[in-house]
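Residue numbers (the numbering used here): 1 to 885. Glycine is no exception: its CB is placed at the ideal position from the N, C-alpha and C atoms. Quick notes on the structure that follows.
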């Protein structure tokens with residue numbers, strides 16, 4: 001029987017790789033002009049532009065006159081664009097990043113005439129279990145992938161991927177890749193012995209593999225395109241040539257939309273998969289890529305957190321008070337970040353990594369500048385009603401009522417002051433105080449004007465019972481301080497309501513005061529060899545693992561009413577390189593400073609620190625030790641929790657089965673991960689590190705990678721990744737900056753509990769991830785927030801001193817974010833249920849009680865009356881609109 005090859009003309013476009021953004025822009029510009037000319041001359045039927053709009057956005061910025069020409073072909077369906085802005089990373093980009101990627105991709109495609117509803121991620125390194133629930137919100141039901149599917153899932157190349165809310169995507173898997181026969185097709189050698197793919201595998205062997213997995217008998221996809229490829233000029237002629245050359249395969253030019261109709265009408269025994277896609281059998285998914293350039297990934301995590309939990313809620317709150325929501329600035333920050341978060345983010349050459357780091361910092365600076373401007377505008381627009389005090393604004397940007405520990409800089413002329421709220425003196429702790437001068441600097445100190453001296457005081461206080469997304473104004477009065485305290489040094493331990501932490505002879509011990517359970521050697525440093533590259537960690541043949549239990553480190557304990565701190569300082573001797581490690585020599589000092597912080601009323605222990613690295617080719621992890629065996633880990637995804645094996649049985653014979661990569665149990669750490677046992681729960685939260693692995697005897701310990709030190713992009717024949725190099729198969733790029741010489745910072749947290757509640761862990765993470773938003777109106781120092789330098793007009797309408805925008809009362813869901821719609825004048829509150837049980841939605845309090853609330857989807861195409869509960873796993877969007885009078 002003749003087989004049908006559904007041929008889809010496309011390109012896969014990396015925005016950056018070993019080449020620069022500028023290289024890609026130049027090439028794409030000429031490719032695009034060539035493409036449009038072919039459409040104009042009726043030489044091209046269809047072209048699929050890789051499921052993303054970022055390249056075409058750049059093209060239109062360069063050639064704005066071409067937009068109307070492009071609209072002709074997008075509107076007609078000939079040029080297929082969207083639904084994404086860029087090809088995202090599936091596992092370490094947050095839910096808000098995924099949503100905004102889709103939103104901006106849709107905005108561009110809709111402006112150009114038509115958005116593709118084919119979710120197309122051909123080169124992402126595996127796929128999240130939450131994709132169905134997110135994509136369905138945009139009306140997306142079809143999903144095309146390449147990597148992440150293996151025989152252990154017992155699936156055909158077509159299957160349904162289902163989230164824990166029962167949302168589904170119909171998936172087509174390009175098991176042979178997205179360009180396995182493109183070059184032989186173009187070169188006229190497709191039916192010869194020379195027809196091999198980029199892995200040097202015979203194309204017809206790959207076609208046989210595709211047919212064996214297909215649920216549509218004797219039909220498969222033959223992609224006509226590959227990395228950075230321009231259009232193929234003579235597609236029709238080539239198809240006719242091959243169809244006339246032989247009778248075994250009939251080539252048919254088609255589109256992804258039409259092919260999914262074929263699947264739905266002809267597919268047989270299509271199965272359903274209810275887990276993430278991360279198999280390493282047929283393609284590399286680089287399960288240890290999450291720690292490549294850990295510093296850049298931590299920076300990207302910070303941008304996500306500031307935009308999601310701080311800036312967007314602040315903008316929405318102020319919009320309800322009449323301060324216009326600036327979509328343009330917000331979109332610029334998201335787009336700048338997303339173009340750095342592609343499926344290969346920060347695992348590139350030093351030059352391109354430098355670009356990604358710089359652009360990520362640009363996104364962070366834009367987010368912070370925007371936030372600080374709004375706080376400044378608030379401070380100068382308050383209705384002070386004749387008060388002679390100086391305002392200090394504290395903004396809560398999460399919707400559940402809570403007490404917030406505020407860290408603030410206070411600027412005063414006099415050394416002492418009191419802090420008031422509702423005419424009551426608020427106690428505070430002085431963390432640091434400096435006498436400074438903002439007069440004209442002179443070389444001779446005697447010539448500096450003494451009148452220009454002022455005090456900069458870092459303080460800490462509790463903002464009790466913050467009413468959801470709201471703000472309040474504290475008043476600073478320069479007078480004798482009556483309720484301030486200082487940090488004091490203590491001996492032997494730190495403790496709060498939940499824990500007592502101390503250094504013992506054999507390590508750091510944590511006592512859980514609620515259960516009486518002592519966690520001995522709770523935190524350990526591990527250093528191991530790493531002969532891997534930018535894509536993957538790989539253990540050396542002669543590894544030598546070293547551990548530091550922190551029992552010999554210097555420890556200092558400090559105490560204040562609101563925060564207790566344990567500072568651990570030491571030096572761990574490690575091998576300077578793999579050669580020295582083979583000889584079991586350790587001459588390189590790895591200095592570390594680690595802070596364990598207990599805050600009042602918080603069950604999460606903050607663990608922040610720095611490793612000063614001078615060695616090469618190694619991996620540093622923190623091990624959070626446990627006492628009970630673990631068969632599974634429970635890790636947060638974008639909007640749910642995934643249960644992962646701590647040991648994959650495929651590991652036992654993966655080489656014999658010719659897996660492309662070792663199926664190790666190294667996994668992405670997006671937000672939190674927990675060990676769940678009958679004896680208790682241990683959870684680890686991250687504000688930096690993006691990789692974990694359960695290790696030790698019976699997988700009792702949680703290992704979190706702080707950083708990897710490696711020296712190249714693309715080594716061949718690694719222990720964990722046999723065969724050709726990843727990246728360019730014939731060239732290794734040296735990356736000395738990836739050795740991570742110097743200071744490497746991290747921010748983590750741990751907590752213990754007796755029962756596992758997914759939504760409680762998620763809500764604890766949200767508070768852990770969110771920093772205070774606090775601002776004092778002052779004119780002493782404009783270098784702290786440089787945007788203060790710019791003169792700014794106050795609002796015409798004065799702002800109240802205190803304001804409650806939105807609070808969720810008696811709700812059990814998890815806060816995603818809140819934004820203003822870019823389509824209507826409504827607000828969109830994103831919440832989710834991270835568990836597989838139905839939970840209470842609660843009700844809204846605050847200013848929003850005067851608004852109409854409906855349930856909608858992410859693109860606001862459907863609305864319905866709100867319901868009383870969250871379904872298991874549900875991602876919910878509440879549309880909040882001002883009621884018309």
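Would you mind stating whether residue i and residue j have Cβ atoms separated by less than 8 Å?
| i | j | result |
| --- | --- | --- |
| residue 49 | residue 81 | yes |
| residue 712 | residue 735 | yes |
| residue 402 | residue 844 | no |
| residue 660 | residue 213 | no |
| residue 565 | residue 607 | no |
| residue 471 | residue 803 | yes |
| residue 7 | residue 260 | no |
| residue 316 | residue 325 | yes |
| residue 314 | residue 374 | yes |
| residue 677 | residue 515 | no |
| residue 645 | residue 632 | yes |
Any idea if residue i is buried or exposed, counting beta-carbon neighbours within 10 angstroms, 16 or more meaning buried?
| i | result |
| --- | --- |
| residue 218 | exposed |
| residue 2 | exposed |
| residue 86 | buried |
| residue 481 | buried |
| residue 865 | exposed |
| residue 852 | exposed |
| residue 523 | buried |
| residue 305 | buried |
| residue 385 | exposed |
| residue 322 | exposed |
| residue 630 | buried |
| residue 690 | buried |
| residue 42 | exposed |
Taking residue i as part of the alpha helix (DSSP H), name the residues at either end of that continuous run.
| i | result |
| --- | --- |
| residue 103 | 95-112 |
| residue 656 | Where residue 656 is concerned, there is no enclosing alpha helix (DSSP H), given that its DSSP letter is neither H nor E. |
| residue 27 | 21-40 |
| residue 350 | 350-380 |
| residue 312 | 312-319 |
Taking DSSP as the reference, what is the three-state secondary structure of residue i?
| i | result |
| --- | --- |
| residue 550 | coil |
| residue 262 | helix |
| residue 446 | helix |
| residue 61 | helix |
| residue 273 | strand |
| residue 701 | strand |
| residue 588 | strand |
| residue 678 | coil |
| residue 728 | coil |
| residue 233 | coil |
| residue 210 | helix |
| residue 437 | strand |
| residue 885 | Unreliable placement is indicated for residue 885, whose pLDDT of 40 sits below 50; no coordinate value is reported for it. |
| residue 418 | strand |
| residue 649 | helix |
Can you give me the start and stop residues for the beta strand (DSSP E) that residue i sits inside?
| i | result |
| --- | --- |
| residue 5 | 3-9 |
| residue 879 | 875-882 |
| residue 135 | Counting along the chain, residue 135 falls outside any beta strand (DSSP E), though it belongs to the alpha helix (DSSP H) covering 131-136. |
| residue 499 | 499-504 |
| residue 826 | Counting along the chain, residue 826 falls outside any beta strand (DSSP E), and DSSP gives it neither H nor E. |
| residue 67 | Here residue 67 belongs to no beta strand (DSSP E); instead the alpha helix (DSSP H) covers 67-75. |
Provide the residue(s) that pair with residue i in DSSP beta bridges, ordered along the chain.
| i | result |
| --- | --- |
| residue 605 | 750 |
| residue 733 | 713 |
| residue 458 | 409 and 432 |
| residue 743 | 612 |
| residue 803 | 471 |
| residue 527 | 546 and 620 |
| residue 88 | 342 |
| residue 672 | 685 |
| residue 840 | 869 |
| residue 391 | 475 |
| residue 293 | Answer is none; residue 293 lacks a bridge partner. |
| residue 279 | 148 |
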